[in-house]
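Using our numbering, the first residue of the sequence shown is number 56, and each one after it goes up by one. All residues carry an ideal CB built from backbone N, CA and C; glycine is no exception. Because the structure is a prediction, the values reported are computed rather than measured.
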Amino acid sequence: MVFNIRKIQNKFCLDSLSEILGIDYRSLALVRVVMSIILIIDLSMRATDLTAHYTDLGVLQRFDEVNAVANQFFISFHLANGSELFQIILFAINIALAFLLLVGYRTRITTILLFLFTVSLHARNPLILNGGDDILRLFLFWSIFLPLGAIWSIDSALDTAKRPEGKYHFSVASFGLILQVVIIYLATFLFKTHPVWTEDYSAVHYILNAEIFVSSLGLVLAKNEVIFPFLTVSSLGLELIGPFLIFVPWFNKYWKIVVSSSFILMHLGFALFMALGLFPYISMMSWLIFIPAVFWDKLSGFGNRIVPENLVLYCEKSPSSTYKIALLLCSFLSFRNLEIKEVTPNKAEELGVKEHRQIFVLENNTGKSYYGFDVIKMLVKISPLTAVLLFWLPKSVRQFIVSEICEFIRYTKTFVVFAISKLQFKQNRYILTKFASVLAGISIIYIIFWNMGTLGIRFESMKPFATGPSFLYIPGHSLHLYQIWNLFAPYPIMDDGWYVIEGELVSGPKVDVYNNVIGEVDWDKPDVVSSTYKNNRWRKYLTSIRRKSDTTQMENYAQYLCRDWNSSQTDGNQLNRFDIYFMLELSKPPDEPVGEIVKTPLWSHWCFVVPNTISD
């Protein structure tokens, strides 16, 4: 008896396996763009503390990193040199690679290099990493096996190979990335075993009372205790049920829209009410892979409504720069019906152009023609991409933005044309090789067992997975595939506060070392505690060394403060000594009053020689 799979699918409204376990090529392209932008922003933010976090003049010198902080299997070429110049060069290369990924140039090799750079960067200073860094790094790893450049990229515009058939990329790697996202949220749910999550549903109360992580807007929300049980149960339910709903075979595309939208909205709430750096945005990015084809088809239909029919772009054919520009414009501006034709001497004469070489002419359905740079201006103005991105803005604002984009293109056209002239047509591979498929399959098994091992810390039934042979952990640490998703688990942080560092100059005056101000320190509680930390990296670092009672790292931090202050001061204005305090505040249950603030001494330090003390 022969079964007709297609007939069964239609009868029971089942979606195909490729729709369920595959990823739309347009969603992959969107992930590529968003991930590149996040990488550029992240590197730019890290660069503001380049000396402090990545050089031997900072809080973690290379010797200390290797011997006290890093896993023995960590690999980092950022450790090759401790100078500021060396780190600047590495950061510049890293940002350049992120830009190449953004435009989709040699996407696979660029992704591999970016992954290696990210692993190296993260291994240089593990004390400032958070869950968002883990997600970003793992997305880069899985992206190595995925065709991120199959659409809206330089690679796709200049591709001589046959485009991939269908709308979905379905492979071992697509399943691996989907499974990775599912594991993140299921593991997070399973780690939340404390009664604040499972019995009295007060977890959100504690989260919003940990003011170290709460934004100004979050402080307002923190006054509305009545909704906290609902928010606690809702987030738990979404983390448990959401990952399973994306595999429902009936009306799968609609389930994916509902689930991905729900998670994106949840993380948008985190971004608004909490000071978590890029973590919420990285988490939102992870759900973009679930955007189904039906969404893109509707969006494409909307964008193409304004595009005139029978648009023809005349230019000199391959391998001229104008032809490459035409292909790139079609790809990046998302034109579906723009026809590119080679200009002939007769057509050049008809268009009123004497020289047909390097010609660039756009002709619309009314017979009107645009020449040279006006072609680019018109294409930007009527492109589906512009329509989709700017439709919600007033007409005057849309015109202004389009005008500014065109001015930027005009300003940089010499460089752009030169760069495009160096681009080569290339045949791209979108289907995984057998070796890559096997490697992706092994990675899936490895990550499943790794997460079962981390859950073994919490659950007796999974303890055998946490006690495997040590050599099995080497790839996980070397490639930074290690992961533990105990986010706000087993319970949220219940103690927080802020730093006060009271110092004294060589000449005697008191100084506020933490805020780099000459004068007495302020012991009063700040209005917004989270704002007392320069950024998310510093908050993570200072929280880590305090909670671990790490005297070695506390001394390293103190020595850095001496170097940082005294490098710009001379004589009597140099920092002589200081005391580091943490103003500790414990979160109380919802029905109890706010606890007292405890002035907790952490470290005392002399920047110069400690003076001899004389006993009575």
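A Cβ-Cβ distance of about 18 Å is found for the pair N483 and D79, leaving them out of contact under the 8 Å criterion.
The alpha-carbon of F225 is positioned some 29 Å away from that of L478.
Membership of I652 in the beta strand (DSSP E) is indicated by the continuous run I652 to W661. Distance from the CA atom of V303 to the CA atom of R81, rounded to whole angstroms, is 22 Å. About 4 Å separates the beta carbons of S642 and N264, which is inside the 8 Å limit, making them a contact pair.
Runs of the alpha helix (DSSP H) lying entirely within the segment 261–340, each at least 4 residues long, are 271–276, 283–300 and 307–328 in chain order.
Nearest Cα to K278 within the set N506, S659, V649 and L657: V649. Comparing alpha carbon positions, the residue from F141, A151 and F129 closest to S99 is A151. Residue ranges of uninterrupted alpha helix (DSSP H) with 4 or more members, entirely inside the segment 207–256 and ordered along the chain, are 209–212, 227–246 and 250–253. In the same chain as N401, and ignoring 5 residues on each side of it, no C-beta atom comes closer than 6 Å to its own. In terms of Cα proximity to M609, the closest of N628, S586, D626 and F633 is F633.
For D104, the three-state secondary structure derived from DSSP is coil. Bounds of the alpha helix (DSSP H) holding R163 are T162 to R179.
Exclusion of the five residues before and after V288 leaves Y256 as the residues of its chain whose Cβ lies within less than 6 Å of its Cβ. Exclusion of the five residues before and after N571 leaves W620 as the residues of its chain whose Cβ lies within less than 8 Å of its Cβ. In the three-state scheme derived from DSSP, where H, G and I count as helix and E and B as strand, G558 is classed as strand. Counting the other Cβ atoms within 10 Å of the Cβ of D582 gives fewer than 16, which makes it exposed.
For W553, the beta-bridge partners assigned by DSSP are M638.
The shortest CA-to-CA distance from N365 to any of I380, R391, Y378 and S341 is the one to R391. Residue pairing of F415 in beta bridges, as defined by DSSP: C370. Per DSSP, the beta-bridge partners of L630 are L560. Contact annotation: F132 and S175 have beta-carbon atoms nearer than 7 Å. Around the beta carbon of K247, 16 or more other beta carbons sit within 10 angstroms, so the residue counts as buried. In this structure, G221 and G159 do not form a Cβ contact; the two beta carbons are roughly 20 Å apart against a cut-off of 8 Å. Assigned with DSSP and collapsed to three states, I190 falls in helix. Per DSSP, the continuous beta strand (DSSP E) segment holding I395 begins and ends at E394 to E397. Here K481 carries a strand assignment [DSSP, helix/strand/coil]. Short of 6 Å from the beta carbon of N359, and not among the five residues preceding or following it, lie these beta carbons of its own chain, in chain order: R391 and P439. A distance below 7 Å separates the beta carbons of S341 and V236.
K565 sits in a strand when the DSSP states are folded into three classes. Here DSSP, grouped into helix, strand and coil, assigns I78 to strand. Assigned with DSSP and collapsed to three states, S99 falls in helix.
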